[in-house]
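Numbering (the numbering used here), first residue to last: 3 to 287.
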Amino acid sequence: MRVGDGRDGDGRVGDGRVGGLAAVGRGFRPECREPFRGRVLAIRRPAPRDSGPSVRRTGSGAAAAVIEPAIGAPAAAASLPIMAMTPDEFYDHARAAADGELRLPLARMTGWEISPFEPEGLRVSPLRPPVLPEPPRHGEDPADCGMCRDRDEGLWFTDHWRLGQVTGVGVPLALMLYPRDHYDLAELPDELAAEMGVLTTHVVRQVQALPHVSRAHVYRLGDGAAHLHLWFYARPAGQGQLLGSWLPVWDDLLPEYPAEVARADAEAVADALVASYGGRRTAAA
């Protein structure tokens, strides 16, 4: 994801704005639907390896207390209506918690220590009423699907799958896995779904085997394109601020990672995938 263009004198990255997320094109792209406005936190140096375990709390105090009851409160769940809210009911439900400008209060994720934004001065964009029907996603008609047209593009292939590199990102490496034929996740035949599960595990193993990469994050969104695509983000070692679900936003703010280094790592993952899973480096068998 790319929005920021560098770091200021305080070690802050980008311009402090994050747009709505859509999985089309290179990385998540801003759509001028800003959930927040505010200052980006200063980047902290990586913790030394001997400073303690790598697992750390991503929330503290009030933030942690808010999340826990929301996950496991059977009494509250029992009082919810059996049927899901309609779009208008959901909007009214959210609007009841908003202020006079239809702005929701900051809570949960914005209070985590891994949030890229300082709470002071941060505000939520006003709620917008629902729009139905929703606009079509890219590739709803397979004849217009760019991912189908690019079925022979990538670093690694089988008859059913291809793996490509997403360029211009801020994390060390971003890869994307696609079925070569036109399927969304819910449309995958069981055989391909089983292949995807095993293949996802192999891609994660090879990304995490790269030097200075602590974790491979896996994302599936599907709101921008109708052709299934799985994201793999390499989280850089030691950068404790880049943990968890804020990583795609940090990626958008960070300066672009050196292209030649990322390409070499992508090639290494593809070669290792041939050895561990099978497949080939060219589209044709």
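A virtual CB, placed ideally from N, CA and C, is assigned to each residue, including glycine. Bear in mind that the values here come from a model prediction, so they are computed numbers and not experimental data.
Minimum Cα-Cα distance from residue 89 among the listed residues 138, 134, 98 corresponds to 134. For residue 206, same chain residues with a beta-carbon under 6 Å away, outside a window of 5 residues either side, are 218 in chain order.
A Cβ-Cβ separation of about 13 Å leaves residue 164 out of contact with residue 185 under the 8 Å criterion. Secondary structure at residue 178: strand, using DSSP grouped into helix, strand and coil. If you compare the alpha carbons of 264, 237, 263, 137 with that of residue 251, the shortest gap goes to 237. Taking the Cβ atoms as the reference, residue 224 lies roughly 7 Å from residue 187, within the contact range of under 8 Å.
Cβ neighbours of residue 116 within its own chain (closer than 6 Å, five residues either side excluded): 60, 243, 245, 246, 248. With contacts defined by Cβ atoms closer than 8 Å, residue 172 and residue 101 do not form a contacting pair. With a cutoff of 8 Å on beta-carbon distance, residue 278 and residue 208 are scored as near each other. Residue pairing for residue 167: DSSP places it in a beta bridge opposite 177. Taking a 10 Å sphere around the C-beta of residue 149, we find 16 or more other C-beta atoms and assign the residue as buried.
The alpha-carbon of residue 199 is positioned some 13 Å away from that of residue 222.
Counting only the Cα atoms, residue 123 lies some 45 Å from residue 190. For residue 162, the three-state secondary structure derived from DSSP is coil. Closest by C-alpha distance to residue 265, out of 109, 167, 142, 105, is 167. Here the C-alpha atom of residue 109 lies approximately 52 Å from the C-alpha atom of residue 287. From the listed residues 256, 276, 285, the smallest Cα separation to residue 170 is found for 256.
When DSSP states are grouped into helix, strand and coil, residue 216 belongs to the strand group. Annotation for residue 232: the continuous beta strand (DSSP E) segment containing it runs 232-238.
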